[in-house]
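Enquirer: Residue numbers (our numbering), protein chains in the order written: chain A, 9 to 265; chain B, 21 to 279. Note that beta-carbon positions come from the ideal geometry of N, C-alpha and C, so glycine has one too. Please find one structure pasted underneath; my questions will follow.
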């Protein structure tokens, strides 16, 4: 053991994508090898196909290539169902129950299924996720794409749906994150885009250790960078354990399918 | 995984490695993000905790660059051996060569920082129109063999024309096409101070430029020391190359003792 923390990576992807670096192994075996090398206990991989190609085919790929296990908790890509390209919410929940899936991921990219959090489309889906306390990781491609006006109706309207926000880079966003954290308990931020010096300690001082989750953004980033950021942050060991994985484990445990 | 990465993961830092952060700003507030560490002494304390030996600090964010350079000078006077200063220069505000002279000879700085953010849509004229001023500055830096950390503006023509000036492209480790284009100039370097460093970027940069021309940098206090160490440590570099990137290259460019 190279460190005492039991990391659970809520933000990683496997499967084919357009632009892997030379020699990169995007298979589950490649992810597990990296986890073993660095000492990451568990991970919630999504399929990059969900971002680049099609959400449901991404989930089928994940089913075939990364079934749930003690260390791997697959994260399905989610989308809206109105065009028939993706199952309606109750069918989705039934499939999640059947396949042991407890985390969903929504890509908001200009080239993904959804390019923004267009709230009227998502109501039925969020009703179903909140009913079963399913956490939703919202992966935004642009740090300035989301604001309090986009997120407050979601976390206020569906308080039983934990929302994990993943930004490529945290810039002005903290001004509205602090506003939302002062008011709501179901908003979380993952770490790979939050790179500011002393930032983990500052958020923990203000809001406690329950708002941040370890994620790596593997394979695009090395998981080591966020691991070291947490290991060397000036917060106590209990908080480090929460951020490294215990909070995410609790969120997965609280899912009621 | 390298022994250095193992040591960092075990919380031991890098005690036998010279670690110099080539890209650091005076700790201060900034409009575009919430900066928790606004005190440079606090930043130095955090750097030490992450195993960083010295910070190469510039004051380019504070709009009055004369004053910013004075603040960097005061910081390095209080922290000899732990802080190295770069003079922040801007042709709209000063005779750049005279200011570089003052910063080097009176304040003890060892290089220059140029940032394209000083050229805004309100600028009275573009940076590039100060032709003679740039010539005088680079001639002066060439005599001193003093490095330039630049974010934007510096051109291939400048790098080619002033071979004795080490140019370090801020955040350049992610710009593969730029590295490919400029690799043939031995005075072209890059640093690692970028938020979107993709996995393997340091291997790619070293492959294009050799280990001598890649420098570890963070952009602190906007970014975290340990986080940026992870970018370099999870590479396939052998330990001698890692040591070059982490500190020896900066020491060489700045005329500092290496270990």
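Whole angstroms are fine: how far does the CA of residue 34 of chain B sit from the CA of residue 217 of chain B?
Expert: In the second chain, residue 217 of chain B corresponds to position 197, counting from 1. In the second chain, residue 34 of chain B corresponds to position 14, counting from 1. Taking the straight line from one Cα to the other gives about 21 Å.
Enquirer: Quick one: is residue 75 of chain B near chain A, going by C-beta distance under 8 Å?
Expert: Locating residue 75 of chain B in the second chain gives position 55, where the first residue counts as 1. Not an interface residue.
Enquirer: Is the region 108 to 122 of chain B in contact with the region 154 to 161 of chain B, if contact means three or more CB pairs nearer than 8 Å?
Expert: Segments in contact, yes.
Enquirer: Let's test the definition: count the other Cβ atoms within 10 Å of the Cβ of residue 26 of chain A and tell me whether it reaches 16, buried, or not, exposed.
Expert: Stepping through the first chain from its first residue, residue 26 of chain A is reached at position 18. Classification of residue 26 of chain A: exposed, given that the 10 Å Cβ count is below 16.
Enquirer: With a threshold of 7 Å (Cβ to nearest heavy atom), would residue 16 of chain A be considered close to the ligand SAM?
Expert: Absence of the ligand SAM is noted for the structure shown, with no ligands found whatsoever.
Enquirer: Mind checking if residue 25 of chain B is an interface residue toward chain A, Cβ cutoff 8 Å exclusive?
Expert: On the second chain, residue 25 of chain B is found 5 positions in, with the first residue counted as 1. Judged by the 8 Å Cβ criterion, residue 25 of chain B is in contact with chain A.
Enquirer: Specify the secondary structure class of residue 9 of chain A as computed by DSSP and reduced to three states.
Expert: Stepping through the first chain from its first residue, residue 9 of chain A is reached at position 1. Residue placement at residue 9 of chain A is flagged as unreliable, the pLDDT there being 47, under the threshold of 50; a coordinate-derived value is accordingly withheld.
Enquirer: Can you name the residues of chain A whose CB is closer than 9 Å to the CB of residue 241 of chain B?
Expert: Looking up residue 241 of chain B in the second chain gives position 221. Result: 204, 205 and 206.
Enquirer: For the beta strand (DSSP E) holding residue 39 of chain B, just list the boundary residues, first then last.
Expert: Translated into positions along the second chain, residue 39 of chain B becomes position 19. Per DSSP, residue 39 of chain B belongs to no beta strand (DSSP E) and is neither H nor E.
Enquirer: Taking buried to mean at least 16 other C-beta atoms within 10 Å of its own C-beta, is residue 231 of chain A buried or exposed?
Expert: Position 223 of the first chain, counting from 1, holds the residue named residue 231 of chain A. Under this definition residue 231 of chain A is a buried residue.
Enquirer: So, are the CB atoms of residue 236 of chain A and residue 247 of chain B less than 8 Å apart?
Expert: As a working mapping, residue 236 of chain A is identified with position 228 in the first chain. As a working mapping, residue 247 of chain B is identified with position 227 in the second chain. In this structure, residue 247 of chain B lies closer than 8 Å to residue 236 of chain A by Cβ.
Enquirer: Looking only at C-alpha atoms, which of B/89, B/202, B/39 and B/208 sits nearest to residue 45 of chain B?
Expert: If you number the second chain from 1, residue 45 of chain B lands on position 25. It is B/89.
Enquirer: Does the distance from the C-beta atom of residue 143 of chain A to that of residue 172 of chain A stay below 8 Å?
Expert: Counting from 1 along the first chain, the entry for residue 143 of chain A is found at position 135. Counting from 1 along the first chain, the entry for residue 172 of chain A is found at position 164. Yes, the Cβ-Cβ distance between residue 143 of chain A and residue 172 of chain A is below 8 Å.
Enquirer: Using a Cβ cut-off of 9 Å, which residues of the region 232 to 249 of chain A contact any Cβ in chain B, in chain order?
Expert: Within the region 232 to 249 of chain A, the qualifying residues are 232, 233, 234, 235, 236, 237, 238, 239, 240, 241 and 242.
Enquirer: Against residue 230 of chain A, what residues of chain B qualify as contacts under a CB-to-CB distance less than 7 Å, listed in chain order?
Expert: In the first chain, residue 230 of chain A corresponds to position 222, counting from 1. Going along chain B in sequence order, the residues near residue 230 of chain A (Cβ under 7 Å) are 219, 250, 251 and 254.
Enquirer: Determine, using beta-carbon pairs with one atom in the region 111 to 124 of chain A and one in the region 77 to 89 of chain A, whether at least three such pairs fall under 8 Å.
Expert: Touching, yes.
Enquirer: By how many angstroms is the C-alpha of residue 73 of chain A removed from the C-alpha of residue 233 of chain B?
Expert: Translated into the one-based positions of the second chain, residue 233 of chain B becomes position 213. Translated into the one-based positions of the first chain, residue 73 of chain A becomes position 65. Whole-angstrom Cα-Cα distance: 41 Å.
Enquirer: Pairing CB atoms from the region 189 to 200 of chain B with CB atoms from the region 201 to 214 of chain A, are three or more of them under 8 Å?
Expert: Output reads no: the region 201 to 214 of chain A does not touch the region 189 to 200 of chain B.
Enquirer: Tell me the rounded alpha-carbon separation between residue 180 of chain B and residue 274 of chain B.
Expert: Mapped onto the second chain, residue 180 of chain B falls at position 160. Mapped onto the second chain, residue 274 of chain B falls at position 254. Whole-angstrom Cα-Cα distance: 20 Å.
Enquirer: Closer than 8 Å by beta-carbon distance: list the chain B residues that pair up with residue 178 of chain A, in chain order.
Expert: For the purposes of this step, residue 178 of chain A is taken as the residue at position 170 of the first chain. Residues of chain B passing the Cβ test: 53.
Enquirer: Any chance you could list the beta strand (DSSP E) runs of at least 3 consecutive residues sitting entirely within the region 61 to 147 of chain B, in chain order?
Expert: The qualifying runs are 74 to 78, 103 to 108 and 131 to 135.
Enquirer: Spatial neighbours of residue 168 of chain A within its chain, please: CB distance less than 8 Å, with the 5 preceding and 5 following residues excluded, ordered by chain position.
Expert: Taking the first chain and counting its residues from 1, the one referred to as residue 168 of chain A is at position 160. Here the set comprises 138, 139, 141 and 194.
Enquirer: I'd like to know if the region 55 to 74 of chain A and the region 255 to 265 of chain A are in contact, where contact means that at least 3 CB-CB pairs between them fall below 8 Å.
Expert: Contact fails: fewer than three Cβ-Cβ distances are below 8 Å.
Enquirer: Name, please, each residue of chain A whose Cβ falls closer than 8 Å to the Cβ of residue 56 of chain B.
Expert: Position 36 of the second chain, counting from 1, holds the residue named residue 56 of chain B. Under the 8 Å cutoff, chain A gives 204, 205, 206, 207, 209 and 210.
Enquirer: Does the count of Cβ pairs from the region 143 to 151 of chain B and the region 181 to 198 of chain B closer than 8 Å reach three?
Expert: No, because fewer than three Cβ pairs between the region 143 to 151 of chain B and the region 181 to 198 of chain B fall closer than 8 Å, the two stretches do not touch.
Enquirer: Can you tell me where the alpha helix (DSSP H) holding residue 212 of chain A begins and where it ends?
Expert: Start at 1 with the first residue of the first chain, and residue 212 of chain A comes out as number 204. Start and end: 207 to 215.
Enquirer: Please list, in chain order, all residues of the same chain as residue 149 of chain A whose beta carbon is under 6 Å from its beta carbon, the five residues on each side excluded.
Expert: Residue mapping note: residue 149 of chain A aligns to position 141 of the first chain, counting from 1. Only 117 meet the Cβ criterion.
Enquirer: Quick check on the DSSP output: what are the complete alpha helix (DSSP H) runs of length 4 or more inside the region 101 to 175 of chain A, in order along the chain?
Expert: The qualifying runs are 127 to 139 and 156 to 165.
Enquirer: Looking only at its own chain, which residues have a Cβ that is under 8 Å from the Cβ of residue 24 of chain A, when we skip the five neighbours before and after it?
Expert: Stepping through the first chain from its first residue, residue 24 of chain A is reached at position 16. Once the five neighbours on either side are set aside, the close Cβ partners of residue 24 of chain A are 34, 56 and 57.
Enquirer: Taking any Cβ of chain B, which residues in the region 40 to 64 of chain A have a Cβ under 8 Å from it, in chain order?
Expert: Against chain B - using a Cβ distance shorter than 8 Å - the residues of the region 40 to 64 of chain A are 45, 46 and 47.
Enquirer: By how many angstroms is the C-alpha of residue 80 of chain A removed from the C-alpha of residue 9 of chain A?
Expert: Stepping through the first chain from its first residue, residue 9 of chain A is reached at position 1. Stepping through the first chain from its first residue, residue 80 of chain A is reached at position 72. With a pLDDT of only 47 at residue 9 of chain A, under 50, the local geometry of the prediction cannot be trusted, and no value is derived from it.
Enquirer: At the level of alpha carbons, what is the spacing between residue 226 of chain B and residue 266 of chain B?
Expert: Here the question's residue 226 of chain B lines up with position 206 in the second chain. Here the question's residue 266 of chain B lines up with position 246 in the second chain. Rounded to the nearest angstrom, the two C-alpha atoms are 13 Å apart.
Enquirer: What first and last residue would you give for the alpha helix (DSSP H) that runs through residue 182 of chain A?
Expert: Start at 1 with the first residue of the first chain, and residue 182 of chain A comes out as number 174. First-last of the alpha helix (DSSP H) with residue 182 of chain A: 181 to 191.
Enquirer: Are the CB atoms of residue 153 of chain A and residue 183 of chain A within a distance shorter than 8 Å?
Expert: On the first chain, residue 183 of chain A is found 175 positions in, with the first residue counted as 1. On the first chain, residue 153 of chain A is found 145 positions in, with the first residue counted as 1. Contact: no.
Enquirer: Looking at C-alpha atoms only, which residue of B/245, B/135, B/97 and B/257 is the closest neighbour of residue 126 of chain B?
Expert: Along the second chain, one-based indexing puts residue 126 of chain B at 106. It is B/97 whose Cα lies nearest to the Cα of residue 126 of chain B.
Enquirer: With H, G and I counted as helix, E and B as strand and the rest as coil, what does DSSP make of residue 280 of chain B?
Expert: Chain B is shown from 21 up to 279; residue 280 of chain B falls before or after that span and cannot be answered.
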